[in-house]
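One structure below.
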Amino acid sequence: MSPSKVRVRFAPSPTGMLHVGNARSALFNYLFARKYKGKFILRIEDTDIERSEVLYIDEIYHDLKWLGLDWDEGPDIGGENGPYRQSERRDIYKTYLKKLQTNDLAYTCYCSAEELEIRRKDAIQNGQAPRYDNRCRHLTDEQIKKFEQEGRKPVIRFKMPEENIVVKDLIRGDVEFDHQLIGDFVIFKSDGGPSFHFAVVVDDIEMKISHVIRGEDHLPNTPRHIALFHAFGCELPLFAHMSMTMGPDGTRLSKRHGATSVNQYRELGYLPDAFSNFLALLGWSPGDDREILTRDELIDLFSIEGMTKSSAIFGIDKLNWMNGMYIRQAPIDKLTRLAIPYLQKGGYYPNGVNESEFVWISKVVDAVRGYLNCLSEIPQHAALFMNEEVEIEEASVEFIRSDEGQKVLQLFQSKIESMDTVDIDAFKSVLKDIQGELDVKGKQLYMPLRIALTGKKEGLELHVAVALLEKKKILQRIQTAQARPLI
RNA sequence: GGCCCCAUCGUCUAGCCUGGUCUAGGACGCUAGAUUCUCAUUCUAGAAACACGGGUUCGAAUCCCGUUGGGGCUACCA
Numbered sequence: 000m001s002p003s004k005v006r007v008r009f010a011p012s013p014t015g016m017l018h019v020g021n022a023r024s025a026l027f028n029y030l031f032a033r034k035y036k037g038k039f040i041l042r043i044e045d046t047d048i049e050r051s052e053v054l055y056i057d058e059i060y061h062d063l064k065w066l067g068l069d070w071d072e073g074p075d076i077g078g079e080n081g082p083y084r085q086s087e088r089r090d091i092y093k094t095y096l097k098k099l100q101t102n103d104l105a106y107t108c109y110c111s112a113e114e115l116e117i118r119r120k121d122a123i124q125n126g127q128a129p130r131y132d133n134r135c136r137h138l139t140d141e142q143i144k145k146f147e148q149e150g151r152k153p154v155i156r157f158k159m160p161e162e163n164i165v166v167k168d169l170i171r172g173d174v175e176f177d178h179q180l181i182g183d184f185v186i187f188k189s190d191g192g193p194s195f196h197f198a199v200v201v202d203d204i205e206m207k208i209s210h211v212i213r214g215e216d217h218l219p220n221t222p223r224h225i226a227l228f229h230a231f232g233c234e235l236p237l238f239a240h241m242s243m244t245m246g247p248d249g250t251r252l253s254k255r256h257g258a259t260s261v262n263q264y265r266e267l268g269y270l271p272d273a274f275s276n277f278l279a280l281l282g283w284s285p286g287d288d289r290e291i292l293t294r295d296e297l298i299d300l301f302s303i304e305g306m307t308k309s310s311a312i313f314g315i316d317k318l319n320w321m322n323g324m325y326i327r328q329a330p331i332d333k334l335t336r337l338a339i340p341y342l343q344k345g346g347y348y349p350n351g352v353n354e355s356e357f358v359w360i361s362k363v364v365d366a367v368r369g370y371l372n373c374l375s376e377i378p379q380h381a382a383l384f385m386n387e388e389v390e391i392e393e394a395s396v397e398f399i400r401s402d403e404g405q406k407v408l409q410l411f412q413s414k415i416e417s418m419d420t421v422d423i424d425a426f427k428s429v430l431k432d433i434q435g436e437l438d439v440k441g442k443q444l445y446m447p448l449r450i451a452l453t454g455k456k457e458g459l460e461l462h463v464a465v466a467l468l469e470k471k472k473i474l475q476r477i478q479t480a481q482a483r484p485l486i
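Following numbering that gives the first Met the number 0 from start to finish, the first sequence increments by one per residue and tops out at 486.
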């Protein structure tokens, strides 16, 4: 690979939120560019004026930045080969169209969508390839005049060459396509804009793209693109069609599978490094057993050879595990900053967090991080610290209503009352004293206190929880528990 | 329907190109145990796969063919 010559692009269309499958595509292009010290280019394919929305362009920027995929050329930062929005490149497409027309490689087609549809159905019914029959290739002047008078809005089609086309794919090897199965396709739509196929090729030429790394769904389109490259007399980029991302049931990942867009995962509190680490392992492998990989390692290890041919299912279980690993390993200050918005969503700290609160919150976050799959789960785990009272589950009431439990609570209360602060050591020694004085230990000792203070039978180690609770709250909860009637 | 791609534990994958070292390795999840006041974490152990059928070969997860299954494309959507 000749470095510095590598130029790859991610070319989403702004017709919706950034899909995780597209994000993976962006990630692989990014890793490839960074690995070979090349350029990663962002191009917005908004030729579908009906469905494209500016709002989604901003979402794409946001999501890519969140994932840490910074681009070297793009609509927002410019570059030598701009503009980078297809809607702003109309003149360029017109110029390229002229080249085709000069060489008699394009023609006007007046077939209506309805006519096309009828012929398509016929072809399928007769067991034939549903391709355009090229019938407008040789229209007489009279026919053209007649169609124009009928007010038909024409399209412009490209004359497909009469020879088979072999796609040399870096992942799949040589794939041959029968030219007879591909009809002359539309390069300019009746709205006057370029079609996807045409715009892609023109842009890849103009932007000097060296490698086209995209989803496998584009493989059958590639012969059309290759024909266009040839028609323009341009060298081909290298193609790599990567496997697709599927839902848990093996069908195309869609809304019925749950969250499918990057912003949803961001909002659920997945960490960008964890998310991209997970995405990288979908359809790619470093070749050894490593799984938790830093961005630099990913860049260093990435190769097209390591890419899988078969499609991969987006499995949330492994993502959760991986995100949990990142959450447990993250610097606590950083994690706390990320966690605070979720606490606020849970109703805590509506007016922000001051410095001393931050310190305390970071201790809480540190205490509960072992339980988290993602940050949005944090309020439910932090509630026992944040709330004034705890709700005692019915199933646990017996622990605080038993005679033994009541004794433990009472003794604990009297010992705590005389103390200034309750830290881990103090709590442990208090428990030791109670154990000696009442001759209780294990569950009999811990459970009444656990239930009184946290409301639940399970949860973090009691001394960790107690050390984070104010003395006032501790006493209050003990009192409430003592007064709790048995139902 | 036609064309194209793909096929290793439930899932992500290593191995396949350059057949023997594969009684097929790792990870998630699952099960059990250890630790612990409990749950989670952590650690240890376990169950779990070469889709099927032919062929080539002394020998096939690895090469070839077929079948089946899955996916994609077949748009004036990208």
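Think of the CB as a built atom: it goes at the ideal place given N, C-alpha and C, for glycine as much as any other residue.
Where residue i falls: helix, strand or coil (DSSP)
i       : result
Lys-98  : helix
Leu-278 : helix
Lys-93  : helix
Arg-130 : coil
Tyr-348 : coil
Ala-105 : strand
Glu-376 : helix
Ile-315 : helix
Ile-76  : coil
Ile-423 : helix
Arg-327 : helix
Gly-15  : coil
Ser-1   : Unreliable placement is indicated for Ser-1, whose pLDDT of 49 sits below 50; the coordinate value is still reported in the next sentence. Three-state DSSP puts Ser-1 in coil, outside helix and strand.
Residue i versus residue j: straight-line alpha-carbon distance, rounded
i       : j       : result
Met-245 : Leu-281 : 10 Å
Asn-233 : Val-211 : Note on residue identity: the sequence assigns Cys, not Asn, to residue 233. If you take the alpha carbons of Cys-233 and Val-211, they lie about 15 Å apart.
Asp-248 : Ile-377 : 30 Å
Trp-65  : His-256 : 23 Å
Asp-190 : Arg-50  : 14 Å
Thr-250 : Ser-310 : 10 Å
Gly-369 : Gly-268 : 15 Å
Leu-374 : Ser-361 : 13 Å
Ala-10  : Leu-30  : 15 Å
Ala-425 : Ser-417 : 12 Å
Ile-186 : Lys-145 : 23 Å
Asp-438 : Pro-447 : 15 Å
Leu-430 : Arg-327 : 29 Å
Leu-318 : Phe-274 : 7 Å
Arg-88  : Ser-111 : 27 Å
Lys-152 : Gly-78  : 36 Å
Own chain, CB closer than 7 Å to residue i, minus 5 neighbours either side, in chain order
i       : result
Val-200 : His-224, Leu-227 and Phe-228
Ile-477 : Leu-408, Phe-411, Gln-412 and Ala-451
Phe-384 : Val-363, Leu-467 and Leu-468
Outcome for residue i when other beta-carbon atoms lying within 10 angstroms are tallied against a minimum of 16
i       : result
Ser-355 : exposed
Arg-8   : buried
Lys-4   : exposed
Val-407 : buried
Pro-193 : buried
Pro-222 : buried
Pro-236 : buried
Ile-331 : exposed
Asp-272 : buried
Arg-156 : buried
Val-19  : buried
Leu-68  : buried
Val-465 : buried
Ser-24  : buried
Gly-351 : exposed
Arg-213 : buried
Close Cβ partners of residue i (< 6 Å) along its chain, the five nearest in sequence each way excluded
i       : result
Pro-74  : Ile-43, Tyr-83 and Arg-84
Ala-22  : Val-261
Ile-164 : Phe-176, Pro-222 and Ile-225
Lys-456 : Ser-395
Phe-301 : Leu-30 and Lys-34
Ser-86  : Asp-45
Same chain, Cβ closer than 8 Å to residue i, five either side skipped, listed in chain order
i       : result
Lys-308 : Ile-170, Arg-171 and Ser-242
Pro-2   : Annotation note: pLDDT 48 at Pro-2 (below 50); position unreliable, coordinate value reported separately. Around Pro-2: Tyr-35, Lys-36 and Gly-37.
Ser-209 : Lys-4, Val-5, Arg-6, Val-7, Gly-37, Pro-236 and Leu-237
Ile-123 : Pro-129
heavy atom of the ligand NAD below 7 Å from residue i C-beta
i      : result
Glu-58 : With respect to the ligand NAD, the structure offers nothing, as it holds no ligand at all.
Complete runs of the alpha helix (DSSP H) confined to the segment 145-209 [at least 4 residues]: Taking only runs of at least 4 residues, the alpha helix (DSSP H) segments lying wholly in the segment 145-209 are 195-205.
Which full runs of the beta strand (DSSP E) of 3+ residues lie inside the segment 225-307, going along the chain? Within the segment 225-307, the complete beta strand (DSSP E) runs of at least 3 residues fall at 237-241.
Where are the beta strand (DSSP E) runs, 3 residues long or more, that stay fully inside the segment 28-66, in chain order? If we require 3 residues or more, the beta strand (DSSP E) runs fully inside the segment 28-66 come out as 38-41.
Please specify which runs of the beta strand (DSSP E), each continuous and at least 3 residues long, are wholly inside the segment 429-481, giving them in chain order. Runs of the beta strand (DSSP E) inside the segment 429-481: none found.
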